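Below is one structure, written out as structure tokens; the observations come after it.
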Amino acid sequence: MRAEGQRLNIIIVAEGAIDRDGNAISAELVKDVVAKTLHYDTRVTVLGHVQRGGAPSAFDRLLGCRMGAEAVLALMEMNEESEPCVISIDGNQMVRVPLMQCVERTQAVQKAMNEKDWELAVKLRGRSFQRNLETYKLLTKLRTVEKDNLSGGQNFNVAVMNVGAPAGGMNAAVRSFVRMALYHHCTVYGIEDSFEGLANGAFKKFQWGDVTNWVMHGGSFLGTQKQLPNEKNVPHIAEQLRKHNIQALLLVGGFEAYHSTLILSKNRDRYPEFCIPMCVIPCTISNNVPGTSLSLGSDTAMNEICTMIDKIKQSATGTKRRVFIIETMGGYCGYLATLSALASGADNAYIFEEKFTVEDIIEDVEVIAAKMAQGVQRYLIVRNEYANKNFTTEFVKQLFAEEGKGEVRILTGYFSFRRVSGRGSYFLASNSWLTSFECHCTPLQFSTRINILGHAQQGGSPTPFDRNMGTKLAARALEYIITQIKDSMVNGVVMTKSPETATLLGLTGRRVVFTPVEELAAETDFDKRLPCEQWWLKLRPLLRILAKHTSIYHTEAMEDTEDYNE
Numbered sequence: 001m002r003a004e005g006q007r008l009n010i011i012i013v014a015e016g017a018i019d020r021d022g023n024a025i026s027a028e029l030v031k032d033v034v035a036k037t038l039h040y041d042t043r044v045t046v047l048g049h050v051q052r053g054g055a056p057s058a059f060d061r062l063l064g065c066r067m068g069a070e071a072v073l074a075l076m077e078m079n080e081e082s083e084p085c086v087i088s089i090d091g092n093q094m095v096r097v098p099l100m101q102c103v104e105r106t107q108a109v110q111k112a113m114n115e116k117d118w119e120l121a122v123k124l125r126g127r128s129f130q131r132n133l134e135t136y137k138l139l140t141k142l143r144t145v146e147k148d149n150l151s152g153g154q155n156f157n158v159a160v161m162n163v164g165a166p167a168g169g170m171n172a173a174v175r176s177f178v179r180m181a182l183y184h185h186c187t188v189y190g191i192e193d194s195f196e197g198l199a200n201g202a203f204k205k206f207q208w209g210d211v212t213n214w215v216m217h218g219g220s221f222l223g224t225q226k227q228l229p230n231e232k233n234v235p236h237i238a239e240q241l242r243k244h245n246i247q248a249l250l251l252v253g254g255f256e257a258y259h260s261t262l263i264l265s266k267n268r269d270r271y272p273e274f275c276i277p278m279c280v281i282p283c284t285i286s287n288n289v290p291g292t293s294l295s296l297g298s299d300t301a302m303n304e305i306c307t308m309i310d311k312i313k314q315s316a317t318g319t320k321r322r323v324f325i326i327e328t329m330g331g332y333c334g335y336l337a338t339l340s341a342l343a344s345g346a347d348n349a350y351i352f353e354e355k356f357t358v359e360d361i362i363e364d365v366e367v368i369a370a371k372m373a374q375g376v377q378r379y380l381i382v383r384n385e386y387a388n389k390n391f392t393t394e395f396v397k398q399l400f401a402e403e404g405k406g407e408v409r410i411l412t413g414y415f416s417f418r419r420v421s422g423r424g425s426y427f428l429a430s431n432s433w434l435t436s437f438e439c440h441c442t443p444l445q446f447s448t449r450i451n452i453l454g455h456a457q458q459g460g461s462p463t464p465f466d467r468n469m470g471t472k473l474a475a476r477a478l479e480y481i482i483t484q485i486k487d488s489m490v491n492g493v494v495m496t497k498s499p500e501t502a503t504l505l506g507l508t509g510r511r512v513v514f515t516p517v518e519e520l521a522a523e524t525d526f527d528k529r530l531p532c533e534q535w536w537l538k539l540r541p542l543l544r545i546l547a548k549h550t551s552i553y554h555t556e557a558m559e560d561t562e563d564y565n566e
């Protein structure tokens, strides 16, 4: 690595690390080996308790809300004969695991380690841990172990491109794909500036060191645009794929990447250059791509939104009776608005998927007044940018501001005054004539402010979750693509029209699966760029309940029936 120009190497040592013989490995021991063997200047940093962090991440907040609600429902469903359970998460699915099963698995891991059966110990830790370890080992190897080479000694040409808006995890996915492809003896091309660059032949041949440190950066180093393939550029796209002999294509991006793959697959009869394996890794802050529960970049955006909302709430610490209306991005998809509201302790979220009326907004005003009367000093509402074309953020703010004004009421009759503007300016609510009356002025009920977060929601550096997820998905996609290339090879030419070779790789429930884009088309609202079914809508009642509204929340957990010993 140093010979290729890398100036810094980092070695991470777990505090309980041991070697294959069970001997302890300390940071000082590793330092001495590096210093004496390689003669490099080496330093040791012990992180200690700062690893516990400060404010919890958005993922931890949401997990706490979901698990806490499931725990309450589980307790209410139990009787004297019920077996104790542990509320857990597998993939994106909440599960109830019998307590004794968890104890047995924990003891089995320790037993395997005591017997130095390391492969079994890793397997017992679960699919995610095993996959993380395998991917890490492959990405850190400079030279291929021939028995692990999936290409079978052949040299395939593969390409990767970004499509859509920038999102955290894009660069991590490209880095993983490039290094995994090089490990398996493939030639890797990066396509710059999406389909515009592809049509113009903007190809870059990657080497191992070209993607060094990409994992920690947000945005897109390849360049990304929202342009879709069309009648004008499709012939040029086909020509460039033929010119560079591209045998497989990976698209990392949002709804546009999915839609583009569908367009290319439908043009396979016209252009044989599109008869190659194509795979989409969903990467968008909006999380509006069908075929997956979570998209790369959405966790980074959620953390950024929660951080900004925390600061907004802090600004109201010394201000009495303040209502904040915060507008998030996401297009027509209310994922960011709903889950950021749940994670930040907001009182409501207005989204496109759940229609709302003026009566609903006025109901919120009544709830605000009731909470303020009980001593609550602030109220927070999150609104998706396209929640309603008429009930805009400014409209909601003006309605709240008007309803939050104080009143002058007559104590000896049924007549009332209402403030018009300024201090001491009122009009009589009735046309009746009064000779004398006694009045009382109630102070301002609450004031309203709006905050439009804008593109800052895309975040800076991607979160560890998006980095790891992007790395694992790209490695998985590369393995699948190589298998598809070998299965589709006819006389040295890749030729396939199977729907199984134009897929989207996503997390569905408890599994990461490849779904043909042609199947997903039937589950997509292309006009609003939304999946027809969205799992997170079931969390809407939980948001209302935690904000002291009346709602009904149904369990999302399922019983854990998997045999982990298989």
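If you're matching positions, the sequence shown starts at 1 in UniProt numbering and goes up one per residue.
Just so you know, even glycine gets a beta-carbon here, dropped at the ideal spot from N, CA and C.
Predicted, not measured: the structure shown is a model, and the values here were computed from it.
Coarse secondary structure for residue i, derived from DSSP in three states
i: residue 65; result: helix
i: residue 418; result: At residue 418, the pLDDT of 43 sits below 50, so the modelled position is not reliable and the matter cannot be decided from this model.
i: residue 573; result: Lying outside 1 to 566, the shown extent of the chain, residue 573 is not represented and no answer is given.
i: residue 461; result: coil
i: residue 296; result: strand
i: residue 446; result: coil
i: residue 525; result: strand
i: residue 308; result: helix
i: residue 387; result: coil
i: residue 506; result: strand
i: residue 274; result: helix
i: residue 129; result: helix
i: residue 24; result: strand
i: residue 221; result: coil
i: residue 559; result: strand
Beta-carbon spacing of residue i, residue j below 8 Å
i: residue 294; j: residue 162; result: no
i: residue 542; j: residue 336; result: no
i: residue 496; j: residue 279; result: no
i: residue 289; j: residue 170; result: no
i: residue 211; j: residue 178; result: yes
i: residue 446; j: residue 368; result: yes
i: residue 456; j: residue 299; result: no
i: residue 351; j: residue 384; result: yes
i: residue 228; j: residue 256; result: yes
i: residue 213; j: residue 187; result: no
i: residue 281; j: residue 474; result: yes
Alpha-carbon to alpha-carbon, residue j and residue i
i: residue 449; j: residue 374; result: 21 Å
i: residue 193; j: residue 219; result: 13 Å
i: residue 540; j: residue 233; result: 42 Å
i: residue 54; j: residue 494; result: 52 Å
i: residue 476; j: residue 499; result: 18 Å
i: residue 524; j: residue 531; result: 5 Å
i: residue 207; j: residue 63; result: 39 Å
i: residue 516; j: residue 465; result: 25 Å
i: residue 471; j: residue 176; result: 5 Å
i: residue 74; j: residue 535; result: 20 Å
i: residue 484; j: residue 503; result: 11 Å
i: residue 319; j: residue 377; result: 7 Å
i: residue 545; j: residue 400; result: 22 Å
i: residue 21; j: residue 29; result: 16 Å
i: residue 316; j: residue 309; result: 11 Å
i: residue 409; j: residue 364; result: Low per-residue confidence applies at residue 409: pLDDT is 39, beneath 50, and the placement is therefore not dependable enough to give any value.
i: residue 453; j: residue 10; result: 36 Å
i: residue 312; j: residue 379; result: 11 Å
i: residue 195; j: residue 95; result: 42 Å
i: residue 236; j: residue 277; result: 19 Å
i: residue 570; j: residue 334; result: In the structure displayed, the chain extends from 1 to 566; residue 570 sits before or after that span and is not available.
i: residue 16; j: residue 25; result: 8 Å
CB-CB length for residue i against residue j, believed under 8 Å
i: residue 158; j: residue 181; result: 5 Å
i: residue 138; j: residue 183; result: 6 Å
i: residue 198; j: residue 240; result: 6 Å
i: residue 510; j: residue 41; result: Not really, about 46 Å apart at Cβ, beyond 8 Å.
i: residue 329; j: residue 285; result: 7 Å
Bridge partners - residue i, DSSP secondary structure assignment
i: residue 188; result: 158
i: residue 85; result: 98
i: residue 152; result: In DSSP, residue 152 forms no bridge with anything.
i: residue 252; result: 162, 281
i: residue 326; result: 382, 451
i: residue 349; result: 382
i: residue 90; result: 93
i: residue 490; result: 493
i: residue 515; result: 504
Heavy atom of the ligand MG within 7 Å of residue i beta-carbon
i: residue 330; result: This structure lacks the ligand MG, and indeed carries no ligand of any kind.
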